[in-house]
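Asker: In our numbering, the protein residues as written are 216 to 522.
One structure follows; several queries about it will come next.
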């Protein structure tokens with residue numbers, strides 16, 4: 216963004232309801248803000264910011280990517296405590312999109328391992344959404360009493376049915392919806408909602424009743440705002456995303472709002488989830504990345520077996 220009163224140039228690294236923030240900021244300060252946004256997968260956006268994308272505020276797919284910015288010296292430690300709800304602005308869940316009529320009868324996690332079912336999901340090495348999918352698959356076993364060995368066997372079976380691994384969630388949607396590949400697509404619930412609106416999906420998607428709580432964080436990029444003198448506006452933008460107005464916009468775009476007030480008003484729009492588990496049930500992102508997605512971790516071993 217660029218302010219036309221006392222200058223406060225800000226550049227968010229991802230586009231959310233920041234345009235409504237323009238009017239809010241103008242009413243409070245008299246400044247008119249020109250908003251600049253950058254779209255892309257969470258992993259690629261994170262790398263871009265590390266490589267010099269001049270973002271003041273980031274909204275990413277998972278907190279692990281914000282921690283990468285912290286490790287790179289761009290964001291100060293303690294960012295999760297700077298904003299409400301541990302800096303999580305939206306929730307979501309893993310959804311299954313099927314072919315018209317759901318010919319494979321896919322209603323839950325176990326159905327993904329049925330013989331003959333082909334699965335579309337993005338690559339966990341490049342996609343934050345795909346990491347959530349992976350954890351959803353894993354947790355569907357371990358959070359119902361299964362052992363890690365059983366979880367590994369199940370996840371290996373599912374990924375053996377994946378023909379290719381798109382780089383991000385949106386490309387995975389294109390592979391399934393536009394190219395017609397696969398029997399079922401694993402993706403964000405909000406992406407499934409978007410598909411019903413923009414791609415004319417005729418059948419409702421499936422949201423498993425046991426699911427992982429997908430948490431979307433926001434953070435101010437301290438090094439950039441300190442250098443540019445834009446901290447006040449950047450912090451105001453980040454805080455605004457927790458407002459009732461912004462949370463309502465998130466809900467309209469298919470995200471589960473973190474505001475209890477807004478959630479109470481819109482929850483009937485969303486599929487019921489009886490139980491959510493979270494990344495903390497796996498030890499947090501540091502342990503998850505080391506065990507599952509780090510070099511030589513479970514994903515690397517699984518990839519070698521299934522490709």
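C-beta: ideal position from N, C-alpha, C; glycine also.
Who are the Cβ neighbours of residue 513 in its own chain at under 6 Å, not counting the five residues just before and after it?
Answerer: 507
Asker: Just checking, does the stretch 325 to 343 make contact with the stretch 438 to 456 on the three C-beta pairs under 8 Å criterion?
Answerer: no
Asker: If I measure Cβ to Cβ from residue 373 and keep anything under 8 Å in the same chain, skipping five residues before and after, which residues do I get?
Answerer: 327, 328, 334 and 352
Asker: If you check the beta carbons only, do residue 256 and residue 336 fall under 8 Å apart?
Answerer: no
Asker: Please classify residue 339 as buried or exposed, where buried requires at least 16 neighbouring CB atoms within 10 angstroms.
Answerer: buried
Asker: Alpha carbon to alpha carbon, how far is residue 371 from residue 509? Give it in angstroms, no decimals.
Answerer: Distance from the CA atom of residue 509 to the CA atom of residue 371, rounded to whole angstroms, is 17 Å.
Asker: Any idea which residues DSSP pairs residue 305 with across the strands?
Answerer: In the DSSP output, where bridge partners are listed per residue, residue 305 has 431 and 472.
Asker: Report yes or no: is there a C-beta of chain D within less than 8 Å of the C-beta of residue 317?
Answerer: Absent from the structure: chain D. Only one protein chain is present.
Asker: For residue 399, which residues from the same chain have a beta carbon less than 6 Å from its beta carbon, with the 5 sequence-adjacent residues on both sides left out?
Answerer: 311, 313, 321 and 334
Asker: For residue 319 versus residue 332, is the C-beta spacing smaller than 8 Å?
Answerer: yes
Asker: Indicate the three-state DSSP secondary structure (helix, strand or coil) for residue 491 in the structure shown.
Answerer: strand
Asker: Going by DSSP, which residues form a beta bridge with residue 270?
Answerer: According to DSSP, which records beta bridges pairwise, residue 270 is partnered with nothing at all.
Asker: Helix, strand or coil for residue 436? Go by DSSP, reduced to three states.
Answerer: coil
Asker: My output table needs one value for residue 421: the three-state DSSP class, helix, strand or coil.
Answerer: In this structure, residue 421 counts as strand in the three-state DSSP scheme.
Asker: If you measure between the beta carbons of residue 403 and residue 429, is that distance less than 8 Å?
Answerer: yes
Asker: What number of angstroms, rounded off, separates the C-alpha of residue 290 from the C-alpha of residue 315?
Answerer: 45 Å
Asker: Please classify residue 332: does DSSP put it in a helix, a strand, or coil?
Answerer: coil
Asker: Return helix, strand or coil for residue 310, following the three-state DSSP convention.
Answerer: strand
Asker: Which runs of the alpha helix (DSSP H), 4 residues or longer, sit entirely within the stretch 345 to 392?
Answerer: 363 to 374 and 384 to 392
Asker: Does the separation of the CB atoms of residue 354 and residue 384 fall below 8 Å?
Answerer: If you check the CB distance, residue 354 and residue 384 do not come in under 8 Å.
Asker: Is residue 285 helix, strand or coil by DSSP?
Answerer: DSSP places residue 285 in helix when its eight states are reduced to three.
Asker: Kindly indicate which residue of 500, 303 and 356 has the alpha-carbon position closest to the one of residue 457.
Answerer: 303
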